[in-house]
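Asks: Got a structure here, written out as structure tokens. Questions coming.
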Amino acid sequence: MDTPLLALTRRRIGAPSGPSAESAAAQNMRQLIQLRWIAVAGQTLAILAVHFGLGVPLPLTEMLGVAFALGAANLFATLALPRHRVQRGEVVIALLVDMAALTLQLYFSGGATNPFVSLYLLQVVLGAILLPPAWAAFLAVASVLSYALLSVRYAPLVFPEGLIAETAHLFAIGRWIAFVMVAGLLVLFITRISRNLRARDTHLADMRQHAAEEEGIVRMGLFASGAAHELGTPLGTLSVILADWRRMPGIAADPELLAEVQDMQSEVQRCKAIVSDILHSAGQPRGEAMASMTAGLFLDAVAEEWQQTHPHLSFEYDRSGAGAAVIAVDPALRQAIWNLLDNAAEASPDSIILDAGIDDGMLAIAVRDNGPGFAPDALGRVGQIYQSTKGAGHGLGLFLAVNVARRLGGRLEARNRKAGGAEVRILLPLAKAER
Numbered sequence: 052m053d054t055p056l057l058a059l060t061r062r063r064i065g066a067p068s069g070p071s072a073e074s075a076a077a078q079n080m081r082q083l084i085q086l087r088w089i090a091v092a093g094q095t096l097a098i099l100a101v102h103f104g105l106g107v108p109l110p111l112t113e114m115l116g117v118a119f120a121l122g123a124a125n126l127f128a129t130l131a132l133p134r135h136r137v138q139r140g141e142v143v144i145a146l147l148v149d150m151a152a153l154t155l156q157l158y159f160s161g162g163a164t165n166p167f168v169s170l171y172l173l174q175v176v177l178g179a180i181l182l183p184p185a186w187a188a189f190l191a192v193a194s195v196l197s198y199a200l201l202s203v204r205y206a207p208l209v210f211p212e213g214l215i216a217e218t219a220h221l222f223a224i225g226r227w228i229a230f231v232m233v234a235g236l237l238v239l240f241i242t243r244i245s246r247n248l249r250a251r252d253t254h255l256a257d258m259r260q261h262a263a264e265e266e267g268i269v270r271m272g273l274f275a276s277g278a279a280h281e282l283g284t285p286l287g288t289l290s291v292i293l294a295d296w297r298r299m300p301g302i303a304a305d306p307e308l309l310a311e312v313q314d315m316q317s318e319v320q321r322c323k324a325i326v327s328d329i330l331h332s333a334g335q336p337r338g339e340a341m342a343s344m345t346a347g348l349f350l351d352a353v354a355e356e357w358q359q360t361h362p363h364l365s366f367e368y369d370r371s372g373a374g375a376a377v378i379a380v381d382p383a384l385r386q387a388i389w390n391l392l393d394n395a396a397e398a399s400p401d402s403i404i405l406d407a408g409i410d411d412g413m414l415a416i417a418v419r420d421n422g423p424g425f426a427p428d429a430l431g432r433v434g435q436i437y438q439s440t441k442g443a444g445h446g447l448g449l450f451l452a453v454n455v456a457r458r459l460g461g462r463l464e465a466r467n468r469k470a471g472g473a474e475v476r477i478l479l480p481l482a483k484a485e486r
């Protein structure tokens, strides 16, 4: 049985990924791009409706030119987004571009008297959500200065004689439309941004948890390798003593006693093999490629070795459902399965089951027992270090199994069986050739 604790600290295959700070910035930029398309379409429709629908003359060339330039900038951002990292400065520039476009449109359509001047609030709120305080304050100051400038410098609207009496009513409608736009866009955008930020925070919390688990594994690995080095001398001494005993005439003449000495020699050799595996594992380079082999051959070896150490236990083994599947394996996976089998044997000394099959494109290695099962409050903490379902121990077996499965790109699942007992499954991705 191998004990490669330090091997678990190598690079994981298919490590869980999530929205990092960088990807959250990219998602926020994507939301800004979508919002800008809405702004381009809204500006174009509003310009055409006011000019042709209400008959209020507007500088179409300038205003439609601003909308076109904003659309062109948005198209460039859309095409460039998947090909490069999104930096915080790009979000600042995007909001400033939007503010500049809004300022120009308001300048050509009545300045601060335009009811849509309240759209500045949308830019300020978005800046407060997406940017650090300093940049958010800068954006707020820019909007205040733009508003102040539009109060003194702007192209006034010229209403036809037939609309002069309706001016107050039209401005009230415009303010209502602007309020609805700001409220609706804020709810839509802030909801999405909040979801992105929560996902990022969750991912960062998971990464911190994984880092803590890695640190725990490293500490255990260092302790195990040190202990293995220290055990080498006493195991060597025991091996020599047992060899001498085996040659003693009194023992050699007693078949029962000789068999016991041979059993002790076998166990000592097994202990020496474990020590060698620990030291070999500790010396392996980080990120070393793991071998691929069929699940049947791998599980056959694991089951045979484990059953030899538990000859009096009723052990059912069936791997017919996944014998030809090819998976990436290393000694840590064998150790993880041994740990699960040992736990099952302690919970259910009469019989346990080991089987394997294909579940949703993954190899599912299941260990079942007829014991009391997991306590309800323990199921949610299965695999956490120092969380044990037994009266003694610290849950290291399940903890290591969880990390082995995660490192190999899979996961561990635990549940209580309806018929009684517990079931723990390791799900591993198949090699590419088998998919």
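Numbers in the numbering used here are just positions in the sequence shown, counted from 1, shifted up by 51.
Idealized CB from N, CA, C, for every residue including glycine.
Fair warning: this is a prediction, and the values are worked out from it, not measured in the lab.
Only counting the same chain, and skipping five residues up and downstream in sequence, which positions put a Cβ closer than 8 Å to that of glycine 93?
Replies: Once the five neighbours on either side are set aside, the close Cβ partners of glycine 93 are Met232.
Asks: Where in the region 391–433 do unbroken runs of the alpha helix (DSSP H), each at least 4 residues long, occur, reported from the N-terminal end onward?
Replies: If we require 4 residues or more, the alpha helix (DSSP H) runs fully inside the region 391–433 come out as 427–430.
Asks: Could you check the C-alpha separation between arginine 468 and valine 377 for me, to the nearest Å?
Replies: Roughly 28 Å separates the two Cα atoms.
Asks: Which residue marks the beginning of the beta strand (DSSP E) containing asparagine 467, and which one marks its end?
Replies: Taken as a continuous stretch (DSSP letters only), the beta strand (DSSP E) holding asparagine 467 covers 462–467.
Asks: Smallest Cα separation from aspartate 369: which of His361, Val353, Thr360, His363?
Replies: Checking every option, the nearest Cα to that of aspartate 369 belongs to Val353.
Asks: Which class does valine 209 belong to by DSSP, given the choice of helix, strand or coil?
Replies: Three-state DSSP puts valine 209 in coil, outside helix and strand.
Asks: Going by the DSSP bridge assignment, what does proline 480 pair with across the sheet?
Replies: Paired residue(s): Met413.
Asks: Can you find the residues in the same chain that come closer than 6 Å, C-beta to C-beta, to serine 68, ignoring five residues on each side of it along the sequence?
Replies: Note on serine 68: pLDDT 47, under 50, position unreliable in the model; no value is reported.
Asks: Mind checking who glutamate 474 pairs with in its DSSP beta bridge?
Replies: DSSP, once it has assigned bridges, lists Arg419, Arg466 as partnering glutamate 474.
Asks: Along the beta strand (DSSP E) that carries alanine 379, what are the first and last residues, could you check?
Replies: 377–380 is the span of the beta strand (DSSP E), which, as asked, contains alanine 379.
Asks: Applying the criterion that 16 or more other CB atoms from any shown protein chain within 10 Å of the CB defines a buried residue, is aspartate 420 buried or exposed?
Replies: Answer is buried; the Cβ neighbour count reaches 16.
Asks: Count the CB pairs spanning the region 139–153 and the region 176–190 that are closer than 8 Å, and state whether there are at least three.
Replies: Cβ pair count under 8 Å is three or more, so yes.
Asks: Please go through the region 90–137 and give each complete alpha helix (DSSP H) segment of 4 or more residues, from N-terminal end onward.
Replies: Segments of the alpha helix (DSSP H) lying fully in the region 90–137: 111–131.
Asks: Exposed or buried, what is threonine 413 when buried is set at 16 or more other beta-carbons lying within 10 Å of its beta-carbon?
Replies: This sequence places methionine at residue 413; threonine is not what is there. Result: buried.
Asks: Between which two residues does the beta strand (DSSP E) carrying glutamate 494 extend?
Replies: Any answer about residue 494 is impossible in this case: the structure gives the chain only from 52 up to 486.
Asks: The alpha helix (DSSP H) with tryptophan 187 in it runs from where to where?
Replies: At residue 187 the sequence reads alanine, which differs from the tryptophan that was named. Taken as a continuous stretch (DSSP letters only), the alpha helix (DSSP H) holding alanine 187 covers 184–203.
Asks: By a C-beta neighbour count over all protein chains shown, 10 Å radius and 16 as the cutoff for buried, is glutamine 386 buried or exposed?
Replies: It is buried - the Cβ of glutamine 386 has at least 16 other Cβ atoms within 10 Å.
Asks: Do serine 343 and aspartate 401 come within 9 Å of each other at the CB atom, strictly closer than that value?
Replies: No, they are not a contact pair.
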